[in-house]
Each structure stands twice: as C-alpha cells, then as structure tokens.
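Per this note's numbering, the very first residue in the first sequence carries number 151; after that it's consecutive.
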Amino acid sequence: MSEERVSLNFLEHIIEEDLEKGYQKAQLRFRFPPEPNGYLHIGHASSICLNFGLGLKYGAPVNLRFDDTNPAKEEQEFVDAIKRDVEWLGYQWDTERYASDYFDQLYDWAVLLIEQGKAYIDSQSSEDMAKQKGTPTEAGSESPFRNRSVEENLALFEGMKAGKFEEGTHVLRAKIDMASSNMLMRDPIMYRILHKAHHRTNTDWCIYPMYDWTHGESDYIEQVSHSFCTLEFAMHRELYNWFLDQVYEEGNMRPKQREFARRNLSHTVVSKRKLLQLVEGNVVSSWDDPRMPTISGLRRRGYTPESIRNFADTIGIAKRENLIDVSLLEFHVRDHLNKVAPRVMGVLNPLKIVLTNYPEEQEEWLDAENNPGDEAAGFRKVPFSRELYIEKEDFKEEANRKFFRLKLGGEVRLKNGYIIKAESCTKDTNGNIIEVQCTYDPKSKSGSGSEESLRKVKGTLHWVSIKHALEAEIRLYDRLFTDESPDTHKDKDFMEFVNPDSLEVITGYLEPSLKNARIEDRVQFQRIGYFCVDPDTTSEKIVFNKTVGLRDTWAKITQSS
RNA sequence: UCAUCCGUUGUGUAAUGGGAGCACACAAGACUUUGAUUCUUGUCGUAUAGGUUCGAAUCCUAUCGGAUGAACCA
Numbered sequence: 151m152s153e154e155r156v157s158l159n160f161l162e163h164i165i166e167e168d169l170e171k172g173y174q175k176a177q178l179r180f181r182f183p184p185e186p187n188g189y190l191h192i193g194h195a196s197s198i199c200l201n202f203g204l205g206l207k208y209g210a211p212v213n214l215r216f217d218d219t220n221p222a223k224e225e226q227e228f229v230d231a232i233k234r235d236v237e238w239l240g241y242q243w244d245t246e247r248y249a250s251d252y253f254d255q256l257y258d259w260a261v262l263l264i265e266q267g268k269a270y271i272d273s274q275s276s277e278d279m280a281k282q283k284g285t286p287t288e289a290g291s292e293s294p295f296r297n298r299s300v301e302e303n304l305a306l307f308e309g310m311k312a313g314k315f316e317e318g319t320h321v322l323r324a325k326i327d328m329a330s331s332n333m334l335m336r337d338p339i340m341y342r343i344l345h346k347a348h349h350r351t352n353t354d355w356c357i358y359p360m361y362d363w364t365h366g367e368s369d370y371i372e373q374v375s376h377s378f379c380t381l382e383f384a385m386h387r388e389l390y391n392w393f394l395d396q397v398y399e400e401g402n403m404r405p406k407q408r409e410f411a412r413r414n415l416s417h418t419v420v421s422k423r424k425l426l427q428l429v430e431g432n433v434v435s436s437w438d439d440p441r442m443p444t445i446s447g448l449r450r451r452g453y454t455p456e457s458i459r460n461f462a463d464t465i466g467i468a469k470r471e472n473l474i475d476v477s478l479l480e481f482h483v484r485d486h487l488n489k490v491a492p493r494v495m496g497v498l499n500p501l502k503i504v505l506t507n508y509p510e511e512q513e514e515w516l517d518a519e520n521n522p523g524d525e526a527a528g529f530r531k532v533p534f535s536r537e538l539y540i541e542k543e544d545f546k547e548e549a550n551r552k553f554f555r556l557k558l559g560g561e562v563r564l565k566n567g568y569i570i571k572a573e574s575c576t577k578d579t580n581g582n583i584i585e586v587q588c589t590y591d592p593k594s595k596s597g598s599g600s601e602e603s604l605r606k607v608k609g610t611l612h613w614v615s616i617k618h619a620l621e622a623e624i625r626l627y628d629r630l631f632t633d634e635s636p637d638t639h640k641d642k643d644f645m646e647f648v649n650p651d652s653l654e655v656i657t658g659y660l661e662p663s664l665k666n667a668r669i670e671d672r673v674q675f676q677r678i679g680y681f682c683v684d685p686d687t688t689s690e691k692i693v694f695n696k697t698v699g700l701r702d703t704w705a706k707i708t709q710s711s
C-alpha cells in the first residue's frame with residue numbers, strides 16, 4: 151500500500167482546519183447564491199462545482215439560494231433557467247431558498263440596530279452622500295442626519311416600510327466609521343426605497359435590503375458554515391463580520407466568508423452587459439447560441455455536464471489571477487465525448503467518386519463499429535454503392551509520401567468498406583476536380599478476413615453513399631473572439647475582437663442511420679469532430695452543431711511546412 | 001501612492017520548514033481500418049535582493065510586478 155498524497159485547495163485546507171478545531175462534520179453546510187438577473191455562465195459553473203463538489207466531498211448539504219434583493223433586475227424566468235442549469239450540471243441542492251424569505255427577519259434585525267443606535271435614516275441625496283464618502287486615501291465626513299434620535303429613526307423607517315416616501319428620499323445606514331480605510335465601512339446603506347414589484351413578494355415591500363446586509367445574515371439564518379465568494383468581495387468581509395456581530399448568538403454556527411479568484415476563460419467575455427450586447431447586436435442569435443459561454447450555450451453546443459465538471463476540477467481553485475485557455479475546456483469535452491459518442495460517417499465537403507468496376511445497381515450494407523473503445527456499443531449497418539462522396543481535401547492528383555490519402559494511382563481504405571484505387575479524375579472548365587474515377591478491390595472487404603482485406607494501406611477515409619445520403623444543415627463554430635482576453639484592453643472595445651467567421655453554415659451528407667437522431671444527441675463524425683443535434687431540427691431538416699474538432703496533427707504538419 | 005489580497009514551467013494547479021509533483025500544451029517514438037484514441041519517453045518553473053534555519057516555494061524584511069476598493073448593484 152503506497153501512501154496517497156492528498157492535495158487540497160486552500161478552501162479545503164480551511165475546512166480541514168475548522169474540523170480539527172472542533173467543527174462537527176454534520177455542521178458543515180454550503181450554498182450557491184446566484185442573483186436571478188441573468189443566465190448562468192461558465193464562471194458560475196466553476197462556483198457551482200466548487201460548492202456542490204465540497205458538499206459531495208464532505209457529505210454536507212448545499213443550499214441553492216437566490217439573492218433576490220433587487221426587484222428592478224430580477225425575474226422568475228431567470229430563477230427557472232438557473233435551476234435547470236444547476237440540475238443539468240448534475241447537482242442536487244438541499245433546499246431552495248430566497249433572500250426574500252428573510253425580509254421579515256432582516257427588517258426586525260434592522261429595527262434592533264436602530265434601537266441600539268447602530269443604524270440611522272439618512273435623508274440626503276445619493277450625490278451628497280457620495281461626496282461625504284471620501285476617497286480611499288481621505289476619510290469621509292459624517293452625514294448631518296447621523297445623530298438623529300432613535301425615535302425619529304424608528305418612525306421614519308416605519309414610514310419607509312409603509313410606503314410613505316418616494317424612492318431616493320431616505321435610506322437606512324449602518325453607523326460604523328466614516329474614517330475607515332475600508333470604504334465599505336463608511337456607514338453602508340442597509341435599505342433603500344424601491345416602489346417595484348418583486349417576483350416573489352410582489353408589492354408586500356417597498357424597501358429592500360442591500361447585498362451586504364442580506365448576504366451574511368442569510369448565511370447565518372441558514373446556518374451555512376462556509377460562504378465562498380469571489381475575490382471582489384474580499385473588502386466586504388469586514389462588513390459581513392460586523393453585521394454578523396450584531397445578530398450572532400453564542401452556540402450557533404457563525405458563517406465564515408472566504409474568497410477565491412474568479413476563473414477567467416480565454417477568448418470569451420462573461421459579463422452580463424457584454425453578453426447582452428452580443429445578443430442585442432445580433433452577433434449571436436440568443437443567450438443559448440452555441441458560441442455563448444452561458445451554460446445553456448455550452449449545452450446547445452454539445453458540451454456534456456461531465457466535461458464541464460472535469461474541467462472545473464482540473465483548473466482547481468486559488469487566489470491568484472488567472473486566464474485559463476479555452477482549449478483546456480475543449481480537451482475535456484473531447485475526452486468525455488471520445489468515451490461516449492457513437493461514431494458515424496458524414497461528408498462535409500463532398501467530392502464525388504465513382505467505382506467503375508462496381509455494378510451499377512448493386513448496394514451492400516456494411517457492418518460499422520459504433521465505438522471502438524466500447525465493445526458494448528455494438529455495430530450498425532451503412533450502405534455502400536457505386537457512387538460515393540469523400541471529402542474534397544482527401545484527394546489530390548499528386549502528393550508526396552506524407553499525404554496518406556487518395557491520389558492518382560494510389561490506394562486507400564474506405565472505412566468499414568473496401569480498398570480503392572484512384573485511376574483518373576475529371577475537371578470542370580475552371581480546372582476544379584469534380585469527380586474521381588476509382589476501382590475497388592472486391593476481395594478487400596472490411597472484416598471479411600480475406601488475405602486482401604488484411605492488406606495494410608496507409609490511409610483510411612470516411613465516405614457516404616450518394617444515393618443513401620442524408621442531407622443535413624451543419625453549423626460550424628469557431629471562437630467568438632480573436633483575442634484571448636477581449637475585454638481587458640484599456641483602449642479597445644471588446645466588440646472590436648469579434649471573430650467575423652465564428653459561424654459557417656454548410657450542407658453535409660450523412661450516413662442514413664442519423665435519420666433517427668434526436669435533439670441533443672452527440673456523435674463523432676469520424677476524422678472530423680464531435681457534433682450534436684440542434685433544437686432547430688425539424689422533421690424535414692436535421693441540424694447539427696459542431697461541438698469541437700478532433701485533435702488534428704495533420705493540420706499542424708501542413709501548416710508548418 | 002492609502003488599504004487589502006496575490007506572484008511556482010507556455011497555461012492552470014499541488015507541495016503548510018525536509019522529495020518542486022500533476023493536468024493541459026509542446027516534442028520524439030510505438031500502436032492504429034479515425035493523421036483520432038491509447039501507450040512510452042522527453043523539454044521547460046519557485047519575481048528580485050537580503051535575512052532566520054542544519055535545511056526555505058513555504059517564515060521575516062525590502063524591492064519590483066499584478067489585482068481589488070469611492071453604485072440607493074450583486
């Protein structure tokens with residue numbers, strides 16, 4: 151037995167230390183707290199995998215909590231989409247919670263703070279308050295309303311709740327320290343007036359708690375042990391703890407906020423505003439366009455939940471700045487699809503070949519293996535006939551020895567079929583090759599066991615029988631941005647880096663077995679890449695999205711020479 | 001130029017005072033009815049300068065570099 155070296159990320163170290171210090175394993179509880187104001191993206195996926203992954207690892211419950219404190223931005227539609235995406239990723243939350251579940255408790259606690267002289271109503275404009283806030287290097291100044299009496303504060307707060315005031319006229323502020331080096335501690339706003347209907351509480355409330363006042367207290371109410379968020383909230387920790395101090399009672403779990411670095415993916419943007427710009431500017435068709443980094447986009451692109459979880463696992467979690475190459479994500483989807491995707495044949499760029507010694511009316515149904523890595527996947531039949539399509543790039547009149555494909559006078563194996571030899575070709579008036587005449591070796595049939603079938607020829611091509619071919623719309627995707635970090639340039643707008651060729655739509659010719667493919671089915675077009683059936687598919691027209699290409703060392707060779 | 005955080009191969013991450021490891025990428029080779037997959041091997045790293053210590057990626061100091069911080073957003 152060799153000792154296994156366990157490697158933990160820094161958050162797991164924190165949990166392990168807490169466990170050693172006396173936390174009970176049964177007290178561990180985590181949460182994933184999205185705001186329902188948009189669609190989840192690959193960055194959220196990392197956070198989901200982190201929190202739910204820890205839940206699985208420690209056998210701890212994980213709550214799905216919607217941080218719904220701003221009715222101006224939040225909608226039920228997003229709640230539903232988020233739940234779907236988390237489930238699709240393969241995780242189960244313990245309970246579904248909403249910050250809005252705690253509005254009553256939050257209000258009561260706020261009243262308590264007012265009574266203790268730790269919060270006050272400020273009746274200035276936001277501009278005046280901003281002026282008094284100071285700068286990171288200069289202390290702020292106190293509001294003229296800072297020392298209102300408890301009674302007056304209570305009355306005003308009640309009035310705010312009762313809807314007696316216009317938006318912007320009053321706010322509730324925590325009375326902390328206008329000179330703190332942490333700007334967030336300079337009397338942060340706890341409540342603002344918003345005469346807006348909330349997607350869950352409707353018009354019950356017209357004052358809504360701010361993030362800082364809500365988040366830690368929600369963690370506390372749910373008795374979350376570890377509250378993990380991204381680095382931009384590091385400054386908020388001091389406030390998080392201050393608010394917690396006001397309500398914490400001995401004997402309860404005291405939630406601990408810790409921060410990790412957001413994972414950045416190359417060649418993409420992830421901010422809601424920018425994603426919206428792509429949708430509204432018709433750069434992409436929708437939020438679930440297969441080029442979008444949203445979870446719904448990745449799903450439509452053909453990514454599997456496993457591949458995304460494996461990706462999140464490999465990139466790990468830390469506190470340093472990072473830019474993860476999108477090719478790592480592509481590696482993981484290839485890696486998973488290689489194991490599970492059935493192999494099929496499809497020609498995307500057809501060139502007609504005619505087997506001159508194959509009888510005109512003859513057709514054969516050949517055995518084809520569904521997945522060479524998985525015996526249980528079995529076999530299917532593919533039709534073979536005299537006239538076939540192969541890829542244009544698989545034929546050259548003349549080529550050197552490194553070209554393992556079809557050339558005049560050369561032989562090649564047709565996958566699952568026969569060995570053929572190119573004899574001649576015909577061209578149109580522009581000199582384009584439009585047809586290749588070949589002969590086939592009738593004894594070389596794949597799997598027949600004959601001496602001829604065992605012959606080694608260097609190249610193997612995929613193909614499709616023209617008269618049996620299924621026409622399909624094929625959408626070929628490329629990266630949406632040409633720059634690896636499009637939104638980090640100070641002097642350039644990210645839209646300048648949009649790749650104009652990120653989508654190419656062509657007609658492909660597929661083996662007829664694909665007629666029964668269903669939406670979201672994923673297959674490998676042999677020698678090309680992984681594809682999945684798009685929801686735009688109808689009974690008349692099947693649409694495939696290219697998920698990712700196969701690794702292509704031949705492309706590298708041709709490029710470098 | 002105030003506060004907080006962070007600097008480990010090309011990228012991401014591990015090593016918590018004692019082996020700089022893993023994955024991807026890259027390179028070479030083997031196998032192959034997918035130029036795929038698989039397998040083998042290889043190249044490359046602790047920001048800099050001091051200090052503490054028998055011993056430092058790890059602790060201390062300074063320097064350099066980066067990120068974050070002034071929304072009635074989350």
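Think of the CB as a built atom: it goes at the ideal place given N, C-alpha and C, for glycine as much as any other residue.
In this text the structure is predicted, and so the values were computed from the model without any measurement.
**Study point:** With 16 other Cβ atoms within 10 Å as the buried cut-off, status of Q512
**Key:** exposed
Exercise for review: From the DSSP output, in three-state form, read off S273 for me.
Suggested key: coil
**Study point:** K136 versus G267 - alpha carbon distance
**Key:** The structure shown does not extend to residue 136, since the chain is modelled only from 151 through 711, so no value can be given for it.
**Study point:** Distance between E661 and S152 (C-alpha atoms, nearest Å)
**Key:** Any reading at S152 needs caution, since the residue's pLDDT is 40, under 50, leaving its predicted position unreliable; the model's value is listed next. Near 50 Å, if we compare the C-alpha coordinates of E661 and S152.
Exercise for review: Classify M385 as helix, strand or coil using the three-state DSSP reduction.
Suggested key: coil
Check your understanding: Excluding sequence positions up to five away, which residues of its chain have a Cβ less than 6 Å from the Cβ of R625?
Key -> V655 and N695
Check your understanding: Which partner residues does P500 have in the DSSP bridge list?
Key -> E541
Review point. Got a sec? Which residues, its chain only, sit under 6 Å from A249 by beta carbon, not counting five neighbours each side?
Key: D217, D218, T219, T364 and S368
Check your understanding: Taking the alpha carbon of P443 as the point to measure from, which residue in T657, E388 and E480 has its own alpha carbon closest?
Key -> E480
Review point. Ordered along the chain, which non-local residues of its own chain (more than five positions away) have a Cβ less than 8 Å from that of V212?
Key: R179, F180, R181, F182, N201, F202, L204, G205, Y241, W243 and D244
Check your understanding: My guess is that H612 and R677 are in contact by the Cβ rule of under 8 Å, so how many angstroms apart are they, rounded?
Key -> 5 Å
Check your understanding: Which of helix, strand or coil does DSSP assign to R451?
Key -> helix
Review point. Does DSSP put E265 in a helix, in a strand, or in coil?
Key: helix
Check your understanding: If we call anything under 8 Å between Cβ atoms a contact, is N507 one with T589?
Key -> yes
**Study point:** W243 Cβ short of 7 Å to the ligand ATP heavy atom set
**Key:** In the structure shown, the ligand ATP is absent, as is every other ligand, since no ligand is present at all.
Check your understanding: Quick one, which of L304, M279 and T287 has its alpha-carbon nearest A120's?
Key -> Missing from the structure shown is residue 120; the chain here goes from 151 to 711 and no further.
Check your understanding: If G658 sits next to V497, beta carbons under 8 Å apart, how far is it from one beta carbon to the other, in whole angstroms?
Key -> 7 Å
Check your understanding: For the 8 Å Cβ check, are there 3 or more pairs between the segment 593-612 and the segment 550-569?
Key -> yes
**Study point:** Residue environment, I570, which counts as buried when at least 16 other CB atoms sit within 10 Å
**Key:** buried
Point to revise | Distance, A468 Cα to A622 Cα | key: 44 Å
Practice item. Report the residue from M495, P500 and L505 whose alpha carbon sits nearest the alpha carbon of D517. Key: M495
Check your understanding: Terminal residues of the continuous beta strand (DSSP E) containing S377?
Key -> H376 to T380
Review point. For I583, which beta-bridge partners are listed by DSSP?
Key: K577
Review point. What does a CB cutoff of less than 6 Å around I707 pick up in its chain, not counting 5 residues either side in sequence?
Key: none
**Study point:** Complete beta strand (DSSP E) runs within the segment 386-425 (minimum length 3 residues, chain order)
**Key:** 406-410
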